[in-house]
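Protein chains in written order, with the numbering used here: chain A, 79 to 581; chain B, -19 to 212. We put the CB at the ideal spot given by N, CA and C, even for glycine.
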Amino acid sequence: MRESNPSSRIGDYFRAALACVATTLLTLPLLGVVDAANIVMIFLLVVALVAVRLGSGPAILAAFGGVGLFDFFFVEPRFSMAVADAQYLITFAVMLAVALVIGQLAARLREKALLATRREDEMRALYDMSKELSGAISAEQVADIVRSFLGRRLEIEAILYLPRADETLVAIPARQDAERCQAHVRAVHEQGRPMHLAAEESGYRPALALPLASPVRTRGVLLVFGEHAEQVCAAERRPLLDAVASLTAIVVERLHYGEVLQEVTLRMESVRLRSALLSAVSHDLRTPLTVLVGLADALTLVRPALPPPALESALAIRDQALRLSGMVHNLLDMARLQTGKTVLNKEWQPLEEVVGSSLKAMAGLLAEREVRVDLAPDLPPLEFDAVLLERVFCNLLENAAKYAPQGEIAIAARVVGDTVEVSVADAGPGLPPNAAQDVFDLFARGGHSGATGGVGLGLAICRAIVEAHGGRIWAERRAAGGTRMAFTLPLGTPPVLEEEASE
Amino acid sequence: MNDERPLILLVEDEPQIRRFVCAALEDEGRVIEAASAAAALEAFTGPAPALAIIDLGLPDRDGVELIRELRTWTMLPLLVLSARSAEAEKVAALDAGADDYLTKPFGVQELRARVRALLRRQKVGAGETVIEFGRIRVDRVHRVVTRDGATIHLTPIEYRLLGVLLANVGRVLTHRQLLKDVWGSGYAERGHYLRIYIGHLRQKLEADPARPCHLLTETGVGYRFQLQDSAS
């Protein structure tokens, strides 16, 4: 930056003066050979050249110097500033005016050229930095690149403040007095507006805090500071600083998304692993359970029949193995629902069908129970996954049978608004107060007795399935006593069935 | 030794499951065991089995593929053993030509009932002109359906659906098979047609449509028609 150097500026004036003197010495022999007007032209040319080479100040000096020297050496009486011919006064005035105008025009041109060169230089430097940044894979690397760029180009220091997962801003590189300007940096981060900090505010040096604004959000703060306020506050430096800040923001955002991507990949990998584990576990458990159920069942049927105690044991083994199998299935179902791997196989179908198949599936458990089915006659077909909804019904029925050992179980369904409300009610002791929603949590159990057995997975599975269908599930105490478990399914628009042509 | 009992081929890789299935089927037939698909095919070189029970998780080959191959040259009844929550697998096996399936774990009674039904089907065939179930009587020659003597009106599609079901008594028919047989192959994806018409049939033929005794739902798989109420 030549302008910023005062010693070279004095040198420029000296050079301008020297140019005028040299011109005088070189043109002196021409005196008498050529007309004085031509010598004026030569002086004007020198002023223009000085302006182009050295800028506007030296050009002004050259203009006045040129007029003075021309008067002194070339105009009669020579070697004196006096002028014999009054005409020359006009010559001087015009010469001075033209020299000044040319000088200023040329100097401005030169400044523009210089500015363009500097801009280009800046652009290239920014481009180089952005190239470096694009290869950066950590916040520390980004900070290093930005710091070295600003140090080289503007001789200022910089610190990057980036938010962590908990939104606290962390200084990179870490510095001991980072805390001192934390409040200001935080304000900049939150408001997204740059802020000048006086020396006492920033800690020890005048600073400028620039937000790293990306299209989505502010990604952190770039704090730059120098020995003098001028170094960081000068208006002509702002475009470059802003450019650095926005480049940094883009890179920090890229790093952020890279991290997100990595996390997602990791999570997907763990889901994949879990489901592979699940299917392995389910296979490994199924085989011995099948054998256990089968062999115990075969024992109960051997002829001649086993003595009663042995027969009872065989039956108990079979029943417990079946229960265990049910629990394993519940666990696997829950795990599958939780990994989000379950794809709903939704189809339009009457609710009646799944009620019927559930009752059949639970026939053993409900053998001695009265089950009333009351489905509104105007129920339209609903869109649901029959296998999963059967699980909901089976779990609700099992629950009712388990917690209400006596009394009728009632299944009902009716249209309520834009949903169908389905309920399974029992005449048991009812839920404890305040437990209405908790029962659907994983491993929650309605009663506090251990005698009824079973982990509270069934209702959690119900909730997962109902919610996957866009419905909600709840439990309430019936006024008449007992519990009413209800869930909703959205009505939707069933597909139109082509009417069958009558015969 | 002259054994008159029908031959039952059991294709299952778990020796313990083979053991109890053999014990359970003592009364139904003589069981030949095969631990792999290759061994199963080998078994057909001897006396022809009357029924095959196939576990879908075989070590050397996909069970569904084995079924498909068997179906290219034999119509013997095939009973599939499969895991719960593997409806797609069951549907694939049934579509490939299996007649019925059992979900693990299963009881001895259940197994015997299925095996008996499949063997009986083989013997009786589906040629009877009059079929009775519950209080319903279907005269297939005159296309008349009556309950306690009173005529029940069925639409053509309902009658065709009932006809297909009756021709496959005891078998599980997948949604796809029923749609194809009743409506034609273009309707294979319109599951709701089938479900609505099954609902109509239940309304007309079942004593309690919400708790059908004959036209049973195999959730996620298809339907099965049975003449006797198995729950009793």
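Let me see if you follow: with CB-CB separation under 8 Å, is A/R364 close to chain B or not?
yes
Who are the neighbours of B/F0 on chain A, taking C-beta pairs under 7 Å?
V369, G372, L373 and A376
Tell me, to the nearest whole angstrom, how far the beta carbon of B/G77 is from that of B/L91; I am working on the premise that it is less than 8 Å.
That belief does not hold up - the Cβ atoms of B/G77 and B/L91 are roughly 20 Å apart, past 8 Å.
Determine whether the beta carbon atoms of B/A14 and B/L(-11) lie at a separation below 8 Å.
yes
Could you tell me whether the segment 200 to 216 of chain A touches the segment 224 to 233 of chain A, using the rule of 3 or more Cβ pairs below 8 Å?
By the Cβ test, the segment 200 to 216 of chain A is in contact with the segment 224 to 233 of chain A, since at least three Cβ pairs between them sit closer than 8 Å.
For A/R396, name the three-state secondary structure that DSSP assigns.
helix
Compute the Euclidean distance between the alpha carbons of A/T368 and B/F205, then round it to the nearest angstrom.
27 Å
Is any beta-carbon of chain B found at less than 8 Å from that of A/V432?
yes
Over what stretch of residues does the beta strand (DSSP E) that includes B/R127 continue unbroken?
V124 to R127
Considering just the uninterrupted stretch of the alpha helix (DSSP H) at B/F113, what are its terminal residues?
B/F113 -> not in any alpha helix (DSSP H); beta strand (DSSP E) instead, spanning V110 to F113.
For A/Q427, which residues in chain B fall below 7 Å Cβ to Cβ?
H172 and R175
Would A/W426 be called buried (16 or more neighbouring beta carbons within 10 Å of its own) or exposed?
buried
Counting only C-beta atoms, is A/A464 closer than 8 Å to chain B at any point?
yes
Would you check if the segment 165 to 181 of chain B and the segment 429 to 436 of chain A touch, i.e. whether three or more CB-CB distances between them fall below 8 Å?
yes
With a threshold of 6 Å on Cβ separation, who are the neighbours of A/S158 within its own chain once the five nearest residues in sequence on each side are excluded?
none
So, using beta-carbon positions, are B/R156 and B/D75 closer together than 8 Å?
yes
Counting only Cβ pairs nearer than 7 Å, list the residues of chain B close to A/E468.
Within chain B, the residues T199 have their CB atoms less than 7 Å from the CB of A/E468, given in chain order.
Figure out for me which residue from A/V342, A/A491 and A/P251 has the closest Cα to the Cα of A/P568.
A/A491
Which residues mark the beginning and the end of the beta strand (DSSP E) in which B/E198 is found?
L195 to E198
To the nearest angstrom, report how far apart B/T131 and B/E108 are at their CA atoms.
20 Å
Report, in whole angstroms, the separation of the C-beta atoms of A/N477 and A/L537, which I expect to be a contact under 8 Å.
6 Å
By DSSP's criteria, B/V152 is part of a beta bridge. Which residues make up the other side?
B/R204
Taking A/V330 as the reference, which of A/A394, A/D375, A/L384 and A/L211 has the closest Cα?
A/L211
Excluding sequence positions up to five away, which residues of its chain have a Cβ less than 8 Å from the Cβ of A/L318?
E200, L204, R231 and L232
Is B/A184 helix, strand or coil by DSSP?
Looking at the sequence itself, residue 184 of chain B is Lys, so the reference to Ala does not match. B/K184 falls in the helix class under three-state DSSP.
Is the beta carbon of B/S16 closer than 8 Å to that of B/P39?
Yes, these two residues count as a Cβ contact at 8 Å.
Identify the continuous alpha helix (DSSP H) that holds B/D75 and give its terminal residues.
That run of the alpha helix (DSSP H) goes E67 to A76.
If you measure between the beta carbons of A/F151 and A/L106, is that distance less than 8 Å?
yes
From the DSSP output, in three-state form, read off A/K480 for me.
helix
Got a sec: is the Cβ-Cβ distance from B/K160 to anything in chain A below 8 Å?
no
Where do the ends of the alpha helix (DSSP H) carrying A/L232 lie?
A217 to L232
Measuring alpha carbon to alpha carbon, tell me which of B/V1, B/T126, B/V118 and B/L145 ends up nearest B/L195.
Closest in alpha carbon position to B/L195, among B/V1, B/T126, B/V118 and B/L145, is B/L145.
With a cut-off of 8 Å on the beta carbons, I'd call A/L409 and A/L535 a contact; round off their distance for me.
A Cβ-Cβ distance of about 6 Å is found for the pair A/L409 and A/L535, placing them in contact under the 8 Å criterion.
Are the segment 396 to 410 of chain A and the segment 23 to 31 of chain B touching by the rule of at least three beta carbon pairs closer than 8 Å?
Verdict: no, contact absent.
Could you tell me if B/V(-16) is buried or exposed, where buried requires 16 or more neighbouring beta carbons within 10 angstroms of its beta carbon?
At residue -16 of chain B the sequence reads Glu, which differs from the Val that was named. So B/E(-16) ends up on the exposed side.
Drop a sphere of 10 angstroms on the beta-carbon of A/N116, count the other beta-carbons inside from all chains shown, and report buried for 16 or more, exposed for fewer.
exposed
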